[in-house]
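K.L.:
Going by the numbering used here, the first residue of the sequence shown is number 27, and it counts up by one from there. Ideal Cβ placement from N, Cα and C applies to all residues, glycine included.
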Amino acid sequence: MAVSGDPQALGELLRSRRERLRPGDVGLPGGSRRRTAGLRREEVALLANVSATYYTFLEQGRPVRPSTQVLDALADALRMSDAERQYLRVLAHGGEDPIGTDTVAAPAEWLDPGVVALVQRLEPFPTIVKGRRWDVLASNSAARELFTDWDALPGDERNLVRWMFTAPRAREAYVQWEPEARAMLGRFRLTAARHPDDPGFEALIGELKQDSEEVRRWWPRHDVMTVGSGTKKLRHPTLGPLDYSHVVLQLADNPDQILVTYSAVGAVG
27 MAVSGDPQAL GELLRSRRER LRPGDVGLPG GSRRRTAGLR REEVALLANV
77 SATYYTFLEQ GRPVRPSTQV LDALADALRM SDAERQYLRV LAHGGEDPIG
127 TDTVAAPAEW LDPGVVALVQ RLEPFPTIVK GRRWDVLASN SAARELFTDW
177 DALPGDERNL VRWMFTAPRA REAYVQWEPE ARAMLGRFRL TAARHPDDPG
227 FEALIGELKQ DSEEVRRWWP RHDVMTVGSG TKKLRHPTLG PLDYSHVVLQ
277 LADNPDQILV TYSAVGAVG
């Protein structure tokens with residue numbers, strides 16, 4: 027189902043990225059009497075080959091529907107990363123983004139029993155499945171030992187982002203907590219942008235802002251990242267700090283559900 031996007035957030039993103047750039051970053055003369063933080067709106071419009079009025083409407087959050095070509099030109103002008111380009115398209119076009127999903131409120135999630143069995147078979151490799159809002163839908167004992175006992179938590183607290191920002195154990199488990207927390211929030215933000223009308227996301231984001239000083243400070247920056255495999259430095263409760271590689275897999279039968287499995291590769295240097 028197509029949705030209209032989020033013009034207000036789109037305007038905030040454009041403004042924040044414009045204010046981060048300096049004229050020299052895009053090959054423009056700086057001058058000594060500039061009063062604007064970063065680039066001027068007229069300069070971005072010139073670089074993107076759109077009118078200054080049209081660009082101003084976009085920054086003001088007016089219900090303007092830019093084409094894909096205009097979005098690409100703006101992303102080039104503002105030197106956006108691949109993740110920011112995805113985020114820009116989602117904010118502009120909502121569920122029409124090729125990786126987007128419907129934005130109606132979703133029913134309670136259901137996990138295929140075969141996936142649950144797979145998670146258990148991956149023991150002793152820590153493995154979880156996170157759902158639409160990043161709720162932990164399944165975990166094996168290795169994952170519960172490394173992170174937390176998800177099964178013992180109340181249902182509304184079995185959320186990976188909530189745990190990251192409110193649980194003391196998260197700051198122990200992640201050796202480099204702050205950059206990992208920033209990255210997780212950026213990935214979650216890109217997910218949430220695909221569901222702008224989902225009250226479940228709205229409620230969770232509101233709770234995160236209320237309960238975490240870091241979320242209150244970082245959320246307005248519109249930082250985003252894409253989900254992908256890689257390595258993390260994690261502190262095992264009995265084995266101590268270790269480097270872990272992790273693989274991220276999207277479930278074909280339900281693309282909102284993601285399986286993540288970890289493998290220790292060596293002691294943290």
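Does the stretch 213 to 225 come within contact of the stretch 255 to 263, defined as at least 3 CB pairs closer than 8 angstroms?
P.N.:
Flag = no, the stretch 213 to 225 and the stretch 255 to 263 do not touch.
K.L.:
Does D123 pass the burial test, meaning 16 or more other C-beta atoms within 10 Å, or should it be called exposed?
P.N.:
Interpretation of D123 is limited by its pLDDT of 40, a score under 50 that renders its predicted location unreliable; no figure is taken from the coordinates.
K.L.:
For the alpha helix (DSSP H) containing Q112, name the first residue and the last one.
P.N.:
It spans 108 to 119 - the alpha helix (DSSP H) in which Q112 sits, taken as one unbroken run.
K.L.:
Which whole-angstrom value describes the C-beta separation of R115 and L97, a residue pair presumed to lie in contact below a C-beta threshold of 8 angstroms?
P.N.:
6 angstroms
K.L.:
Go to D175, then tell me how far its alpha helix (DSSP H) extends in each direction, as first and last residue.
P.N.:
Premise fails: D175 is in no alpha helix (DSSP H) and is neither H nor E.
K.L.:
Since P222 and G120 are thought to touch, with beta carbons under 8 angstroms apart, how far apart are those beta carbons, to the nearest angstrom?
P.N.:
That pair is a contact at about 6 angstroms.
K.L.:
Can you tell me which residues form a DSSP beta bridge with N185?
P.N.:
D161
K.L.:
What residue does the beta strand (DSSP E) around T153 start on, and which one ends it?
P.N.:
153 to 156
K.L.:
Leaving out five residues before and five after A109 in sequence, what residues of the same chain have Cβ atoms less than 8 angstroms from its Cβ?
P.N.:
G212, L216, V250, M251, T252
K.L.:
At what residues does the alpha helix (DSSP H) containing L65 begin and finish?
P.N.:
First-last for L65: undefined, no H or E at that position.
K.L.:
Closest to L230 by C-alpha separation, out of R208, T192, R261, Q146, would be which residue?
P.N.:
T192
K.L.:
Between which residues of its own chain and P205 is the CB-CB distance below 7 angstroms, once the five residues before and five after are set aside?
P.N.:
Once the five neighbours on either side are set aside, P205 has no close Cβ partner at all.
K.L.:
Would you call W136 buried or exposed, if buried means 16 or more other Cβ atoms sit within 10 Å of its Cβ?
P.N.:
It counts as exposed.
K.L.:
What are the boundary residues of the alpha helix (DSSP H) that includes S42?
P.N.:
33 to 46
K.L.:
Taking buried to mean at least 16 other C-beta atoms within 10 Å of its own C-beta, is S238 buried or exposed?
P.N.:
buried
K.L.:
Please say whether S42 and H248 have beta carbons closer to each other than 8 angstroms?
P.N.:
yes
K.L.:
Identify the continuous alpha helix (DSSP H) that holds V274 and give its terminal residues.
P.N.:
Taken as a continuous stretch (DSSP letters only), V274 belongs to no alpha helix (DSSP H), being part of the beta strand (DSSP E) at 266 to 276.
K.L.:
Please report how far the alpha carbon of L275 lies from the alpha carbon of V162, in whole angstroms.
P.N.:
15 angstroms
K.L.:
A207 to M190, Cα distance in whole Å?
P.N.:
Straight through space, the alpha carbons of M190 and A207 are spaced by roughly 7 angstroms.
K.L.:
Of all the options S289, G31, G37, which has the alpha carbon lying nearest to the alpha carbon of A168?
P.N.:
S289
K.L.:
Here's a check: name, in chain order, each residue in its chain whose Cβ is nearer than 6 angstroms to the Cβ of V142, leaving out the five neighbours to either side.
P.N.:
A164
K.L.:
Closer than 8 angstroms by C-beta to R46: which residues in its own chain qualify, once you throw out the five before and the five after it? Chain order, please.
P.N.:
These residues qualify, in order along the chain: G64.
K.L.:
Among E68, P55, S107, L40, which residue has its Cα nearest to the Cα of P92?
P.N.:
L40
K.L.:
For L144, which of helix, strand or coil comes out of DSSP?
P.N.:
DSSP places L144 in helix when its eight states are reduced to three.
K.L.:
V130 by DSSP, collapsed to three states: which one?
P.N.:
Its pLDDT being 49, under 50, V130 is placed unreliably in this model, and the value from its coordinates should be taken loosely. Three-state DSSP puts V130 in coil, outside helix and strand.
K.L.:
Leaving out five residues on either side along the sequence, give the residues of the same chain with a beta carbon under 7 angstroms from the beta carbon of G126.
P.N.:
Caution is warranted here: a pLDDT of 40 is assigned to G126, below 50, making its placement in the model unreliable, and the coordinate value is therefore given only provisionally. Taken in chain order, the residues that qualify are V116, G120, R220.
K.L.:
DSSP has T79 in a bridge; who is on the other side?
P.N.:
For T79, which the question treats as bridged, DSSP gives no partner whatsoever.
K.L.:
If you draw a straight line from the C-alpha of A199 to the C-alpha of T82, how long is it?
P.N.:
45 angstroms
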